[in-house]
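Under the working numbering, the sequence shown has 705 at position 705, and the numbering climbs by one with no breaks.
Just so you know, even glycine gets a beta-carbon here, dropped at the ideal spot from N, CA and C.
Notes follow the structure.
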Amino acid sequence: MDGDIGDEAIESRPARRRALLRWAMVVTGLLVLLLLALWTQRQPIAENFISRELMARGVRADYQIVKIGLRTQRIENLVLGDPGRPDLTAEWAEIDLSFSGLSPHVVAVRAGGVRMMGALHKGILTLGEVDRLRATDSTAPFSLPDIALGLRDARMRLDTDYGQLGLKLEGDGNLRSGFRGKLAAMAPQLAMAGCGLTNASAWLNIAIREGRPQLQGPVRGAALGCKDLGIGIAQPVFTPDVTLSATLDHWTGHVDINAFSAKAAGLTLVKPNGRIALDSDARRTQGQIRLAAAAFDQGTVRLARTELTGAYSVAGADAQLNGALSGARLALTGPDRLAGVRAATAGTPVAPLAVRLTDAVTAAGRDNRIQASFSVLQKAGVGSATLTAADFTSRSGVRAGLGQDSRVTLGWPKPGGGLNWALNGSVTLGGGGLPTAALRLAQRASGGFGGQLFMDPYTAPGASLALETVRFSAAPAGATHFATQMRLTGPLSGGAIRDLVLPIDGQVAANGTLTVNARCTPISLASLKYGSLTLGATRASLCPESGALLAYGPSGVSGGARINALRLDGKLGGSDMRLSADRFRGSLAARSFALDNALLLLGTAQSPVRLGAAAFAGKIDAHGLSGTMANASGRIGAVPLLVGDAAGRWNYAANTLSVNGNLTLTDAQTPGRFEPLISRDFTLALRDNRITAKGSLLEPKTGALVARTDIIHALGTGQGRADLDVPGITFAQNLQPEMLTRLALGVVANARGTVTGKGQVRWTGSNVTSDGDFRTDNLDFAAAFGPVTGLSGNLHFTDLVGLVSAPGQLARVKSVNPGIEVTQGEIRYQLLPNQQMRIEGGEWPFAGGQLSLLPTTMDFSADKPRNLAFRVVGLDAGAFIQTLELENISATGTYDGLLPMVFDESGGRIVGGVLAARQIGRAPLVLSSTKDLSITCDPALQGGTLAYVGPVSNEQLGVFGKMAFDALKNLQYKCLTILMDGALDGELVTQVSFNGVNRGKLGDAPAGIARSFIGLPFLFNIRIEAPFRGLLNSAQSFVDPSGLIRNNLGDQYAPVTTVAPKTSIGVAVQPAESDKSVTKDNK
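Given below as structure tokens:
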């Protein structure tokens, strides 16, 4: 190794004696030579000494001795440990020595460019090769050496269990006292006990006074977080000012804390700051604490300024804190929950109370202060927190807090998780618009606690709430039972509820779930008014649905109520009202209700409005009430119209009940006068004590519009009306009258045409009146007596409901064809009560004469015979034959008669009909009845002529047959009578009797025989049994009578058989024994 040699001057002492001078010079010379030898060999000697020491300690080292002096020694390029990964390097190091006698000791150490590697694991610091240079067997208390230390650019990388640190230290001064330096530390990530600090840095001033180190300076980080504890601190800054004892086993001072924000357990501190004082040793840390924040935010609660002060101590896992907490401007934050309370209670009886309460809470949150005293103790894994004083005051006048000598205690851990808590003493509340209340609780020796809540009646304009003493009882397991009775008065939409009394029996489970009234509870109220609804004193038994009347837990609000055999009496508008139902059910969660078999009676007891529904359901929301109904029915007073099978939706808002849906309308009378009708667009509204309804009435099978209705009913007076508009009922193949009314069945069929009209039904209480006007033009239909075409006319009802018309109603008929068509007729009639019709009369021009329908009354209320009688006056035979279009027959004469008809369930038939030829010169035969009728024949008077000019269809008639047939070719008769009996759609027995004299030749009969019969009278009695329409429509029976003659006389000229007459009518044509029955089946 190389070393610089310094020169020293040595002074010699003067010789006292000359004798001694030589000796001294010899000795001195020898000493100088020795010293010179030592000086010249000082570097190898030092190198050998250092090498032996390093080797003795097993230290690998590489260095360069630059200077060896009596005071200062300098080494450069020092390397300890593996040269490839050294534990310590230094660019240079200097050591100053001082001699005490011949013993040197170090007084100063200086170094520059130091780089050091170290590790701290499980609390043990290791420095690699440097550890071999440290003395480990000393038992003396630690103390800093009395040397001066000077460091320039000294750095260290320290690997720890918490992360990697980089350190830099510079400073000068005596380590016993007077050292001044700066320590810088950096760590990208530190983690310990579930917490982490990112981008950590420290800039500490180090000073040592009298052997006591002092550290002061900021320690910063980007973020400090403890994930499992839910703790997070943004931009934390810790500024320690700590002084250690000379033995480094005790320290005092404080740490200032600042951060941008801090979060823990859902709490947020804005710009927290404070100071924690320290007085610590290895066993215990204690001191004073002061923490503050610009704001405290819990998510729903916010404090503008918060401060915590107190004294603490920490000894291992045990800790204690006694302190005080204060804050200003406590307020609710986040969504406006108070607005939610007001909105949720709007329109309910508690709305004014909720408004007053929320206004008071809002005012209390503007300027207030909260103060509390507490203590926290953690020992042997068991902790507790005790609140010994708490007080909340607001400028608005609100004051709340713990009563004197009261305390709230929280304890942990609790089996199953959570906290044990207890309140011994009281909590009071009042002032500023809040309820005046006091809560008193006391711990019980057997566990749990009991207490009472006292609250003065809480009032607001139009509302009040009174609670009897609320009694609490909490079991050790955590469930709390409470009981009281509530009395509530408050407004409802358009009204109020007064003195609603409800006993309350509830429980709060250990998990916080609240249940109220799990058993049936009596409920009563003095009165209730909701819009136009008014109830008097009412009592009922309120039973829980879904386990409780009210339940509140993690899943939200649930529960509901049930009332069996509901009965409510009151008024709706100015009308009496009774609501009944088999069952009422209500749900709090869905805010819905339902009624089973509900019946609402409105109005007077004599003629109430009845509204019923098998299922009636509703829901309550901010807009009012709404819901559905099914299988509903109704009736307005005594109006004989029934609503049934109704279904649809209803709504109650703004004092208006609205209903819309489908229904079926039927006649209240049995059997009904009309068939059921349906409506798919029915609407009903109840407002201001008045019911209005509208709808279109349809025929169910075809959906054809029958009428539009517009109904008004005043509940107060029981008066109302229903306007009916029939825009046009068009009868066709798919729609027939019997589909609208059973009264048409068997009376009319195959109708074609349109009926229009308007009507009105009016009622006052039980008195019902109605009228209407209806019209048809050109209505065609088939009746029992034959097809009718072109029926036209107006019909004015004086009692539309009872189907009663004014007298003298006129119907014009283009034609009626019961087998013989008659045209251009008129019928006068009147509809009578009890489904009866009065025929006042009818006239038709008929074959030169007049066909009249005689007055009669027909009863349609039951299946009974209905009688009609048609009178014939002045029928001209020629015109009649022309009407029948009988080309081969001609006749003259005038006929009168009467055709009585009976219609029943088996059809129509003629009973005792008669047509008689009027003898010339006689007055018309005007008949009103055929009973005991006797028609005489005057031999001196003629009746008319009858001539057949057609061919004979059967040549095998015989002599007398041909003579009879020839007599019909030119027969002048005196009397002719036609008697008719039988069904119009079945067998009709027609008996034709006439007499006369032949005025022509009798054909091919032998001259002697023929001359014997010329000028003699012929008598004809013909009995015909055939269908009526077949008889009249079969012209062959008249234009070719040869078949009748041949079949009844025959070639054998058998004698005529005498038969009894079929009628009691006396007809003077021939003796009874001359009657001849002739039968022809012309089906």
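Where the alpha helix (DSSP H) containing residue i begins and where it ends
| i | result |
| --- | --- |
| Ala339 | Arg337 to Thr345 |
| Val355 | Ala351 to Ala364 |
Top-ranked residue by Cα proximity to residue i, from the options
| i | options | result |
| --- | --- | --- |
| Arg155 | Ile147, Glu170 and Leu149 | Glu170 |
| Asp896 | Gly913, Val107, Pro924 and Ser929 | Pro924 |
| Ala732 | Ala111, Gln719 and Arg752 | Arg752 |
| Glu76 | Leu88, Leu70 and Asp82 | Leu88 |
| Leu183 | Asn205, Gly166 and Ala200 | Asn205 |
| Ala537 | Asp569, Ala551 and Pro544 | Asp569 |
| Leu933 | Ile920, Leu941 and Leu915 | Leu915 |
| Leu377 | Ala339, Ala315, Ala331 and Val398 | Ala315 |
| Leu946 | Asn998, Leu988, Leu984 and Lys931 | Asn998 |
| Ile95 | Arg110, Ile910 and Gly411 | Arg110 |
| Gly944 | Ser861, Pro352 and Lys974 | Lys974 |
Cβ distance (whole Å) where residue i is taken to contact residue j below 8 Å
| i | j | result |
| --- | --- | --- |
| Pro522 | Pro503 | 7 Å |
| Ile712 | Arg690 | 7 Å |
| Gly695 | Thr709 | 5 Å |
| Arg71 | Glu129 | So it is not a contact: roughly 28 Å between Cβ atoms. |
| Asn322 | Ser375 | 5 Å |
Buried versus exposed, by CB contacts within 10 Å (16 or more), residue i
| i | result |
| --- | --- |
| Leu35 | Low per-residue confidence applies at Leu35: pLDDT is 47, beneath 50, and the placement is therefore not dependable enough to give any value. |
| Ala222 | exposed |
| Ser406 | buried |
| Asn794 | exposed |
| Ala265 | exposed |
| Arg180 | exposed |
| Ser679 | buried |
| Ile1022 | buried |
| Glu699 | buried |
| Arg918 | buried |
| Thr489 | buried |
| Arg302 | buried |
| Thr894 | buried |
| Val813 | buried |
| Pro608 | buried |
| Val926 | exposed |
| Asp281 | exposed |
| Gly703 | exposed |
Other residues of its chain near residue i: CB distance less than 6 Å, five sequence neighbours each side excluded
| i | result |
| --- | --- |
| Gly448 | Ala474, Ala475 and Pro476 |
| Val1104 | This structure leaves residue 1104 out entirely; the chain is present only between 1 and 1083. |
| Gly848 | Asp876 and Ala879 |
| Val114 | Ala90 and Ala154 |
| Gln452 | Arg440, Thr469 and Arg471 |
| Gly913 | Leu899 and Met980 |
| Asp62 | Val79 |
Own chain partners of residue i with C-beta closer than 8 Å, once the 5 adjacent residues on each side are dropped
| i | result |
| --- | --- |
| Ala19 | Model confidence at Ala19 stands at a pLDDT of 49, short of 50, so the residue's coordinates are unreliable and nothing is read from them. |
| Gly772 | Leu724, Gly757, Lys758, Gly759, Gln760, His796, Phe797 and Leu800 |
| Thr621 | Looking at the sequence itself, residue 621 is Asp, so the reference to Thr does not match. Same-chain partners within the cutoff: Arg591. |
| Gly808 | Arg828, Gln830 and Glu840 |
| Leu494 | In the sequence as presented, Leu is not what sits at residue 494; that position holds Gly. So the list reads Lys529, Tyr530, Gly531, Ser532 and Asn655, once near-sequence residues are dropped. |
For residue i, the first and last residue of its enclosing beta strand (DSSP E)
| i | result |
| --- | --- |
| Ala632 | Gly624 to Ile636 |
| Ser280 | Asn273 to Asp281 |
| Gln214 | Arg212 to Gln216 |
| Pro491 | Thr480 to Leu492 |
| Glu545 | Thr538 to Glu545 |
| Cys937 | First-last for Cys937: undefined, no H or E at that position. |
| Lys814 | Gln809 to Val816 |
| Val114 | Note, Val114: premise wrong, no beta strand (DSSP E); not H, not E. |
| Gly431 | Asn420 to Gly431 |
| Met739 | Where Met739 is concerned, there is no enclosing beta strand (DSSP E), given that its DSSP letter is neither H nor E. |
| Gly586 | Ser575 to Ser587 |
| Ala707 | Leu705 to Ala714 |
Close-in-space but distant-in-sequence residues of the same chain around residue i (CB under 7 Å, 5 per side omitted)
| i | result |
| --- | --- |
| Asn1047 | With a pLDDT of only 42 at Asn1047, under the threshold of 50, the placement of this residue in the model should not be trusted; the figure read from the coordinates follows. The answer is none, since no qualifying residue turns up. |
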